[in-house]
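Asker:
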Amino acid sequence: MRFRSLIAFTFAAALPAASALADVSGKDIYAKTCSVCHATGIASAPRYGHAGDWSPRLAGGSARLYANALKGTAKGMPPKGGNPAYSDAEIKAAVDHMLAAVKDAAKPATPPKPAAKDAEPKAAAPVAAAPAATPAPAAAPVATVATADALPAGDVNAFNRLLKPVGRRNPPPPEDGIHDPGNDGTHALLPPLTAYAGLPKSFAGNRVNWVEAIGTKKINPRWDRADPAAEPVVMDLNIVREVKGSMPDVVYPHKQHTEWLDCSNCHPAIFIPQKGANAISMASILLGEKCGVCHGKVAFPVSECRLCHSKKKDLARPAQTAAGAAK
Amino acid sequence: MLRRCGVVLAGLAALLSIFFIGVPDARAEYGDVVINNYSDASGMRPVVFPHLFHRIRFRCKVCHADIGFKFQAGGNEINMVKIIDGQFCGACHNGEIAWSVENCNLCHSAKPGTKTQVHESTIQKLAQPAAAAKKK
């Protein structure tokens, strides 16, 4: 199934050669407006080129699809894709453009390229950028982007959902899948990699070692909203939590936390300030409780086991005493 | 037999899609918070709060203790009246400490329909296994 959708994409990318002249307006509208949702399937929108998404909707006939596109649906399709400036004919042309992609998907004519990815704003952009150009060259950038860039999340290292492939780390706002590339403000935002220039690196999260960054004075974030000179009250107290099995014990350092946080952020709502009073499990952390209130959301994620589980147990000693008892 | 398997699989996929559709395959920066309490309903793009740019400039305590942001995406019921009144974002985004609220599109910059969530968070990934959502 996925294979077929890959075919759909490669073919859809190569297709404009045939239909571009008649389809320029519909394609432009798709690239500018529809693709915001229909490229990735936001709000359960049928995805461009995914025949499986479209077939149940096509059962009601294309007239029904036109009507839904023009008037919107309760499921989340806004009338005219949220842009009332489009004429009815333009919206219909955009629907036709999307339908053409899935109709052709049924009869694949080209062999699937290995790394065709989901159509996303980035992939749609080169097509939109050159609507007047001859169709064949316009299709070429799509294919190169597809092979050079990252694969969708399901394809690479799907066994480890916390591990991000290289091409998908720290994307600039217009390409990050969340920001709207059609918004002028999006392009004014600082790309993460620019902001992180010169900061020490880590292997997860933002891939910035924030503790080292603040420790080595690479950054000096304010402790007070208005007073740049205010200094935190740092408390240097390690709490050791013994854990089951052979996993190293957890050392919780107050020092690194009080560099950033106030006591009241954690105590007493999240952690009762008494040793042994807090039942913590990895399950609750993964679900966003206890340490998981920050770790896994904004502080380093739980894939970095040894940053917390850092005190090695002396496993050799019990074995020795057992051997000694046997003598 | 194969056919029955296919039917069962299709049913499963349909069931899964009910649970997982609507959560897009997002790739925003780790820690980015999308806030869509009222935006969509008001015809604005949802807000993307970039945690990490703020982290470079302010320690967690400033917002989460002094200003009073709860540790919960969408849990603060922020609206523009409160912001202009100097609460929440407005404590700094007032034209004195940081740029002021006239720059609507710098915050209201998410794709319409994006749900309130912390992007790339473990909880989000547990709720939306990418592979399962793609199986269709």
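One line per chain: the protein sequences are A and B, in this order.
Counting from 1 along the first sequence, just add 16 to a position and that's the residue number in this note's numbering.
Counting from 1 along the second sequence, just add 20 to a position and that's the residue number in this note's numbering.
Here a beta-carbon is modelled for each residue, glycine too, at the ideal position from N, C-alpha and C.
Assign residue 56 (chain B) to one of two classes, buried (16 or more other C-beta atoms within 10 Å of its C-beta) or exposed (fewer than that).
Answerer: Residue mapping note: residue 56 (chain B) aligns to position 36 of the second sequence, counting from 1. When all chains shown are included, residue 56 (chain B) counts as buried.
Asker: From which residue to which residue does the alpha helix (DSSP H) around residue 84 (chain A) run?
Answerer: Stepping through the first sequence from its first residue, residue 84 (chain A) is reached at position 68. Element bounds for residue 84 (chain A): 78-87.
Asker: Taking residue 42 (chain A) as the query, report the chain B residues whose CB atoms sit under 7 Å from its CB, ordered along the chain.
Answerer: The residue labelled residue 42 (chain A) in the question sits at position 26 within the first sequence. Per Cβ cutoff of 7 Å: no residues; residue 42 (chain A) is ~21 Å from chain B at best.
Asker: Measure the alpha-carbon distance for residue 266 (chain A) versus residue 327 (chain A) and round it to whole angstroms.
Answerer: Working through the first sequence from its first residue, we reach residue 266 (chain A) at position 250. Working through the first sequence from its first residue, we reach residue 327 (chain A) at position 311. Rounded to the nearest angstrom, the two C-alpha atoms are 6 Å apart.
Asker: For residue 308 (chain A), count the other beta carbons within 10 Å of its own beta carbon; 16 or more makes it buried, fewer makes it exposed. Which is it?
Answerer: Locating residue 308 (chain A) in the first sequence gives position 292, where the first residue counts as 1. Label assigned to residue 308 (chain A): buried.
Asker: Which whole-angstrom value is the C-beta distance of residue 95 (chain B) and residue 71 (chain B), which I expect to be below 8 Å?
Answerer: For the purposes of this step, residue 95 (chain B) is taken as residue 75 along the second sequence, with counting starting at 1. For the purposes of this step, residue 71 (chain B) is taken as residue 51 along the second sequence, with counting starting at 1. With 8 Å as the limit, residue 95 (chain B) and residue 71 (chain B) do not qualify as a contact, their Cβ atoms being about 15 Å apart.
Asker: Tell me whether residue 46 (chain A) sits in a helix, a strand or coil according to DSSP, three-state version.
Answerer: Position 30 of the first sequence, counted from the start, is the residue given in the question as residue 46 (chain A). In this structure, residue 46 (chain A) counts as helix in the three-state DSSP scheme.
Asker: For residue 137 (chain B), which beta-bridge partners are listed by DSSP?
Answerer: Locating residue 137 (chain B) in the second sequence gives position 117, counting from the first residue. Answer is B:54, bridged to residue 137 (chain B).
Asker: I'd like to know if residue 51 (chain B) contacts chain A, where contact means its C-beta is closer than 8 Å to some C-beta of that chain.
Answerer: Along the second sequence, read from residue 1 onward, the residue named residue 51 (chain B) stands at position 31. Answer yes: the Cβ-Cβ gap between residue 51 (chain B) and chain A drops below 8 Å somewhere.
Asker: What are the residues in the region 188-205 of chain A lying within 9 Å of chain B by C-beta distance?
Answerer: Answer in chain order: 189, 191, 192, 193, 194, 195, 196, 197, 198, 199, 200, 201, 202, 204, 205.
Asker: Should residue 89 (chain A) be labelled buried (16 or more other beta-carbon atoms within 10 Å of its own) or exposed?
Answerer: What you label residue 89 (chain A) is simply residue 73 of the first sequence in a count that begins at 1. Label assigned to residue 89 (chain A): exposed.
Asker: For residue 271 (chain A), go through chain B and note every residue whose CB falls closer than 7 Å to its CB, in chain order.
Answerer: For the purposes of this step, residue 271 (chain A) is taken as residue 255 along the first sequence, with counting starting at 1. Going along chain B, no residue has its Cβ under 7 Å from residue 271 (chain A), so there is no contact; the nearest lies around 14 Å.
Asker: With a threshold of 8 Å, are at least 3 pairs of Cβ atoms found where one atom belongs to the region 49-65 of chain A and the other to the region 124-142 of chain B?
Answerer: Touching, per the Cβ criterion.
Asker: Between residue 96 (chain B) and chain A, is any beta-carbon pair separated by less than 8 Å?
Answerer: Position 76 of the second sequence holds residue 96 (chain B). It does not; no Cβ of chain A falls within 8 Å.
Asker: Cutting at 7 Å between CB atoms, please list the residues of its own chain near residue 196 (chain A), excluding the five before and the five after it.
Answerer: Looking up residue 196 (chain A) in the first sequence gives position 180. Taken in chain order, the residues that qualify are 52, 202.
Asker: Just confirm the distance between the C-beta atoms of residue 111 (chain B) and residue 76 (chain B), as a whole number of angstroms; I'd bet it's less than 8 Å.
Answerer: Mapped onto the second sequence, residue 111 (chain B) falls at position 91. Mapped onto the second sequence, residue 76 (chain B) falls at position 56. Not really, about 18 Å apart at Cβ, beyond 8 Å.
Asker: What residues in the region 71-91 of chain B have a beta carbon less than 9 Å from any beta carbon of chain A?
Answerer: Those would be 71, 72, 73, 74, 75, 76, 77, 78, 79, 80, 81, 82, 83, 84, 85, 86, 87, 91, in chain order.
Asker: Roughly how many angstroms lie between the CA atoms of residue 65 (chain B) and residue 232 (chain A), to the nearest whole one?
Answerer: For the purposes of this step, residue 65 (chain B) is taken as the residue at position 45 of the second sequence. For the purposes of this step, residue 232 (chain A) is taken as the residue at position 216 of the first sequence. So the alpha carbons of these two residues sit roughly 38 Å apart.
Asker: Mark residue 258 (chain A) as exposed unless 16 or more other C-beta atoms lie within 10 angstroms of its C-beta, in which case mark it buried.
Answerer: Your numbering for residue 258 (chain A) matches position 242 in the first sequence. So residue 258 (chain A) ends up on the exposed side.
Asker: Would you check whether the ligand ADP has a heavy atom nearer than 7 Å to the C-beta of residue 219 (chain A)?
Answerer: This structure lacks the ligand ADP; in fact it carries no ligand of any kind.
Asker: Determine, using beta carbons only, whether residue 234 (chain A) and residue 248 (chain A) come nearer to each other than 8 Å.
Answerer: Working through the first sequence from its first residue, we reach residue 234 (chain A) at position 218. Working through the first sequence from its first residue, we reach residue 248 (chain A) at position 232. Not closer than 8 Å, so no.
Asker: Give the residues from the region 127-141 of chain B that approach chain A closer than 7 Å (Cβ to any Cβ), ordered along the chain.
Answerer: Listed by position along the chain: 129, 130, 131, 132, 133, 134, 138, 139, 141.
Asker: Measure the Cβ-Cβ separation of residue 325 (chain A) and residue 263 (chain A) and say whether it is below 8 Å.
Answerer: The residue given as residue 325 (chain A) occupies position 309 in the first sequence. The residue given as residue 263 (chain A) occupies position 247 in the first sequence. Yes, these two residues count as a Cβ contact at 8 Å.
Asker: Rounding to the nearest angstrom, what Cα-Cα distance links residue 84 (chain B) and residue 57 (chain A) in this structure?
Answerer: For the purposes of this step, residue 84 (chain B) is taken as the residue at position 64 of the second sequence. For the purposes of this step, residue 57 (chain A) is taken as the residue at position 41 of the first sequence. When rounded, the distance between both Cα atoms is 34 Å.
Asker: Whole angstroms are fine: how far does the CA of residue 68 (chain B) sit from the CA of residue 126 (chain B)?
Answerer: Here the question's residue 126 (chain B) lines up with position 106 in the second sequence. Here the question's residue 68 (chain B) lines up with position 48 in the second sequence. Spanning the two alpha carbons is a distance of roughly 9 Å.
Asker: Buried or exposed for residue 277 (chain A), going by 16 or more other Cβ atoms inside 10 Å?
Answerer: The count along the first sequence starts at 1 and reaches residue 277 (chain A) at position 261. Label assigned to residue 277 (chain A): buried.
Asker: Using beta carbons (cut-off 8 Å, strictly below), is residue 143 (chain B) in contact with chain A?
Answerer: As a working mapping, residue 143 (chain B) is identified with position 123 in the second sequence. With 8 Å as the cut-off, residue 143 (chain B) counts as an interface residue toward chain A.
Asker: Per DSSP, which one or two residues make a beta bridge with residue 266 (chain A)?
Answerer: Mapped onto the first sequence, residue 266 (chain A) falls at position 250. According to DSSP, residue 266 (chain A) bridges with A:257, A:325.
Asker: Pull up the CB-CB distance for residue 251 (chain A) and residue 271 (chain A), whole angstroms please, since I reckon it's below 8 Å.
Answerer: Counting from 1 along the first sequence, the entry for residue 251 (chain A) is found at position 235. Counting from 1 along the first sequence, the entry for residue 271 (chain A) is found at position 255. Going by Cβ atoms, the distance from residue 251 (chain A) to residue 271 (chain A) rounds to 7 Å, so yes, they are a contact pair.
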